[in-house]
Amino acid sequence: MARQTLSLTLHSAGSTVRRDVGIDDAIVAGWTGRDPAAVEKHIRELEALGVKRPASTPIFYRVAAARLTTGSEIEVVGTGSGGEVEFVLLQHDGRLWVGTGSDHTDREVETYGVTVSKQMCDKPLAPVFWAFDEVAPHWDRLTLRAHVIESGERKVYQEGPVTAMLAPLDLIGRYLSPAGHLPENSLMFCGTLAARGGVRPTARFEFEIEDPVLGRKIAHAYSVRALPLLG
């Protein structure tokens, strides 16, 4: 088993701890919307673009833990990939933690194999996590947001409440039947919001999760270095 070790900052009960966290398994949950009608509409929209219908909703893709990164730049092949802001769950040291990441995906590969497209790109993470039990009482107040730079202008790419996706414990329960905890040292991306102006490649991606109740946010950004696609 290939472990990825990341230097993360964990916030809990007013304390802040910097720690090297080993992650053994990475999961990307897809089609996690709470509204079944909206999920079905989006499936049909992507089918029209050549993306195959998922085998189930939600669906849980596996990616190599080595793809996880807190770096400020990733390298991809070609210019057809883009980011997606998501809330991220981490099981570490007997506790569940929440942060945010980008399920950066190759859009061209996605049209012929979603599972393969998930593995094609690194998965950027913000290096900060909150204890989940401290945000659980006001979970529905949390907001996800992403910006892109297009034609020199910073634009909102995605924005909305975490309630657009299934609740964390519900999602974990659907992944693990019967319901249980994420395995120790596992990390799960938990689904994303519709993109304003449609899904498209992104050369720079800025993303965040905001907690207005406790007055804080976790934010991160990364640039994309496109490697030549030679055939």
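Here our numbering is used: the first residue of the sequence shown is 1, the next is one more, and so on.
Using N, Cα and C, we set each Cβ at its ideal position, and we do this for glycine too.
{"query": "For Lys52, three-class secondary structure by DSSP", "result": "coil"}
{"query": "8 Å Cβ cutoff met for Phe207 and Val128", "result": "no"}
{"query": "Cβ pair Gln91, Pro183 closer than 8 Å", "result": "yes"}
{"query": "Alpha carbon of Ala194 to alpha carbon of His147, nearest angstrom", "result": "13 Å"}
{"query": "DSSP state of Trp97 mapped onto helix, strand, coil", "result": "strand"}
{"query": "Complete beta strand (DSSP E) runs within the segment 109 to 184 (minimum length 3 residues, chain order)", "result": "128 to 131, 143 to 150 and 153 to 161"}
{"query": "Unbroken beta strand (DSSP E) run spanning Glu75, endpoints", "result": "Glu73 to Val77"}
{"query": "Sequence-distant residues of the same chain with beta carbon closer than 6 Å to Val116, five excluded per side", "result": "Val109"}
{"query": "Cut-off 7 Å between Cβ atoms - residues of its own chain near Glu73, not counting five sequence neighbours on either side", "result": "Tyr222, Ser223 and Arg225"}
{"query": "Cβ-Cβ distance between Ile23 and Thr100 below 8 Å", "result": "no"}
{"query": "When Val98, Leu214, Leu89 and Gly198 are compared against Ala26, the one with the closest alpha-carbon", "result": "Leu89"}
{"query": "Local conformation of Leu227 per DSSP, three classes", "result": "strand"}
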